[in-house]
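K.L.:
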Amino acid sequence: MRVLVLWNQLTGYMKATLECLAEQPEVELHVVAFPSATDAPFSASEARPGKASYYTFTDDLDVGAIHDDIDPDALIVCGWSTSAYRRLARRSRALRILYMDNQWLGTAKQRAGVIVSRWYLGPAYDVALVPGERQAHFARLLGFREDDIWRGGLSGDYHAFAARPGQVSASRREFLYVGRLHDYKGVGVLAEAFRRYSSLVPDPWDLTVCGTGPMQKVFEQMPGVRHLGFVQPSNLPDIVQGSGAFVMPSTFEPWGVVIHEACAAGLPVICTPACGAAAALVEDHWNGYLVEPGSAQSLCEAMLRMHCLPDVERRRMGDNSALLARRFTPDRWAATLVSRIDRRLPGGSAASPHRPRRRVGRGSSIA
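For the sequence shown, counting from 1, position 48 maps to 48 in the UniProt record's numbering; every step adds exactly one.
#1: I'd like the span of the alpha helix (DSSP H) that includes Trp-119, first residue to last.
#2: Can you list, in chain order, the residues of its chain with a C-beta nearer than 6 Å to that of residue 426? Leave out the 5 residues immediately preceding and following it.
#3: Have a look at Ser-352 and Ala-37 and give me their C-alpha separation to the nearest angstrom.
#4: Less than 8 Å between C-beta atoms, sequence neighbours within five positions excluded: which residues of the same chain meet that for Asp-284?
#5: Taking DSSP as the reference, what is the three-state secondary structure of Gly-188?
#6: Return the residue from the list Thr-212, Ala-279 and Glu-174 that minimises the CA-CA distance to Gly-224.
#7: Just verifying my parser: in three-state terms, what is the DSSP assignment at Gly-361?
#8: Between the alpha carbons of Lys-217 and Ala-84, how many angstroms are there, rounded?
#9: Does the distance from the CB of Ala-128 to the CB of Trp-150 come in under 9 Å?
#10: Checking 9 Å against the spacing of the C-beta atoms, do Met-1 and Asp-342 come in under that value?
#11: To test your reading of the DSSP string, which unbroken beta strand (DSSP E) runs of 3 or more residues are found completely within the stretch 35 to 84?
#12: Within 10 angstroms of the Cβ of Ala-277, are there 16 or more other Cβ atoms? Answer buried if so, exposed if not.
#13: Counting only the same chain and skipping the five closest in sequence on each side, list residues whose C-beta sits under 7 Å from that of Val-114.
#14: Can you check which of these residues, His-227, Arg-344 and Thr-336, is closest to Gly-152 by C-alpha distance?
#15: Keeping to the same chain, check which residues put their C-beta closer than 8 Å to that of Glu-46; ignore five residues upstream and five downstream.
#16: Could you work out which residue in Leu-88, Asp-183 and Ala-162 is closest to Ile-259 when comparing CA atoms only?
#17: Can you look up Val-338 in the DSSP assignment and give me helix, strand or coil?
#18: Out of Asn-287, Trp-7 and Asp-331, which has the shortest C-alpha to C-alpha gap to Asn-320?
#19: Scan the stretch 278 to 315 and note each continuous alpha helix (DSSP H) run of 4 residues or more that stays entirely inside, going in chain order.
#20: Please look up how many angstroms separate the CB atoms of Phe-230 and Gly-242, rounded, as I've assumed it's under 8 Å.
#21: Near Gln-9, what residues of its chain come up, given a Cβ to Cβ distance below 8 Å and the 5 sequence neighbours on each side ignored?
#22: Have a look at Arg-195 and Pro-202 and give me their C-alpha separation to the nearest angstrom.
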């Protein structure tokens with residue numbers, strides 16, 4: 001089974017999932033991806049999957065020639081904003097899989113997209129691969145049939161973060177935020193909520209912030225805040241596992257893979273319902289708290305409740321997070337995806353590709 005992935009910027013968790021896909025015995029994997037973004041500068045070794053042919057997307061890269069050389073059985077495309085990817089999907093003979101993590105918000109842009117989707121997306125994609133139910137709802141509005149909507153389309157690097165038996169400790173007293181430092185991430189709200197919380201208790205927890213972006217100055221010289229900047233994926237598990245609770249106050253967050261990774265590490269989670277992953281991974285008062293988007297007071301109160309919880313209750317929340325996190329793993333993602341693709345290929349056998357290979361080109365790499 002020859003699989004070609006056309007992606008935006010790769011991340012640590014995408015490397016983990018794609019490597020699991022490449023390890024499937026019947027899969028030959030090829031990946032085209034954008035260079036790292038300036039506010040998320042993943043190093044090549046941290047983001048590029050091993051056991052796969054890799055190509056860096058540039059304006060000069062002939063993606064069509066790569067596609068024709070590989071002659072894939074399945075084409076997985078991240079989103080619909082890259083015109084070169086979209087044009088290629090329209091003419092490809094492969095099973096064309098659109099990955100989308102957008103939630104339906106009813107914006108004017110989304111409503112217009114629904115109207116034109118039968119001409120814009122319909123001819124280009126056969127299947128929608130989505131993380132959860134909110135994205136599945138949007139896919140239905142775009143015209144995908146229920147049988148053509150594949151859920152469970154995203155996983156964090158579960159095994160790198162997973163808490164070992166007995167590892168979850170309630171003695172860790174530190175809040176953690178990981179993400180870009182942009183307004184839509186609720187960074188200003190987090191800074192104000194932390195100030196208020198710190199003024200209400202004699203022994204406030206510290207706040208560790210991992211990430212870069214235009215709003216990083218809001219944390220400068222704030223007492224109790226440790227700003228680490230951007231952290232490469234291999235260094236992040238130790239930071240997460242050494243924290244007491246994870247905070248994500250986004251006002252807009254299509255999914256939020258870091259919520260999954262925090263849950264895997266056994267952390268209680270404080271986040272807003274705007275985070276797509278909250279629907280699957282955060283149950284209010286069971287493994288964390290849901291707070292009002294944009295409200296520093298709501299977030300402050302949740303941080304205060306977390307601070308005041310008895311150790312046994314905080315440990316219970318962490319154990320519950322770890323339990324929920326097991327629903328998504330890179331191994332399951334890869335095995336399920338291969339099984340789904342196999343069922344859709346003519347003949348239904350991943351071991352016998354549905355048409356002869358023209359040329360191999362395996363192992364090539366353009367960096």
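No residue lacks a Cβ here, since even glycine has one placed at the ideal position from N, Cα and C.
P.N.:
Based on what the coordinates show:
#1: Stepping through the sequence shown from its first residue, residue 119 is reached at position 119. Its alpha helix (DSSP H) spans residues 108 to 120.
#2: This structure leaves residue 426 out entirely; the chain is present only between 1 and 367.
#3: Locating residue 352 in the sequence shown gives position 352, where the first residue counts as 1. Locating residue 37 in the sequence shown gives position 37, where the first residue counts as 1. With a pLDDT of only 38 at Ser-352, under 50, the local geometry of the prediction cannot be trusted, and no value is derived from it.
#4: Here residue 284 corresponds to residue number 284 of the sequence shown, with the count starting at 1. Only Leu-290 meet the Cβ criterion.
#5: Your numbering for residue 188 matches position 188 in the sequence shown. Here Gly-188 carries a helix assignment [DSSP, helix/strand/coil].
#6: Numbered from 1 along the sequence shown, position 224 holds the residue referred to as residue 224. Nearest option by C-alpha distance: Glu-174.
#7: Position 361 of the sequence shown, counted from the start, is the residue given in the question as residue 361. Confidence in Gly-361 is poor, its pLDDT being 38 and thus under 50, which makes the residue's placement unreliable; the coordinate value appears in the next sentence. Assigned with DSSP and collapsed to three states, Gly-361 falls in coil, not helix or strand.
#8: As a working note, residue 217 is residue 217 in the sequence shown. As a working note, residue 84 is residue 84 in the sequence shown. If you take the alpha carbons of Lys-217 and Ala-84, they lie about 37 Å apart.
#9: Residue mapping note: residue 128 aligns to position 128 of the sequence shown, counting from 1. Residue mapping note: residue 150 aligns to position 150 of the sequence shown, counting from 1. The Cβ atoms of Ala-128 and Trp-150 lie closer than 9 Å to each other.
#10: Indexing the sequence shown from 1 puts residue 1 at position 1. Indexing the sequence shown from 1 puts residue 342 at position 342. A contact, by the Cβ cut-off of 9 Å.
#11: If we require 3 residues or more, the beta strand (DSSP E) runs fully inside the stretch 35 to 84 come out as 53 to 56 and 74 to 78.
#12: Against the sequence shown, residue 277 aligns to sequence position 277. Classification for Ala-277: buried.
#13: In the sequence shown, the residue the question calls residue 114 occupies position 114. Cβ neighbours of Val-114 beyond the five flanking positions: Leu-141 and Leu-142.
#14: The residue labelled residue 152 in the question sits at position 152 within the sequence shown. When only C-alpha atoms are compared, the closest one is Thr-336.
#15: Within the sequence shown, the letter at position 46 stands for residue 46. These residues qualify, in order along the chain: Gly-12, Lys-15, Gln-232, Pro-233 and Ser-234.
#16: Within the sequence shown, residue 259 is the residue found at index 259, counting from 1. Nearest option by C-alpha distance: Ala-162.
#17: Here the question's residue 338 lines up with position 338 in the sequence shown. Looking at Val-338 - three-state DSSP - the assignment turns out to be helix.
#18: Along the sequence shown, one-based indexing puts residue 320 at 320. That would be Asn-287, whose Cα lies nearest to the Cα of Asn-320.
#19: Complete alpha helix (DSSP H) runs here, min 4: 278 to 281 and 296 to 308.
#20: Here the question's residue 230 lines up with position 230 in the sequence shown. Here the question's residue 242 lines up with position 242 in the sequence shown. For Phe-230 against Gly-242, the beta-carbon gap comes to about 18 Å, at or over 8 Å, which does not count as contact.
#21: Counted from its first residue, the sequence shown places residue 9 at position 9. The answer, listed in chain order, is Ala-33, Phe-34, Pro-35, Ser-36, Ala-37, Ala-40, Phe-42 and Ala-47.
#22: Counting from 1 along the sequence shown, the entry for residue 195 is found at position 195. Counting from 1 along the sequence shown, the entry for residue 202 is found at position 202. Between the C-alpha atoms of Arg-195 and Pro-202 there is a straight-line separation of about 13 Å.
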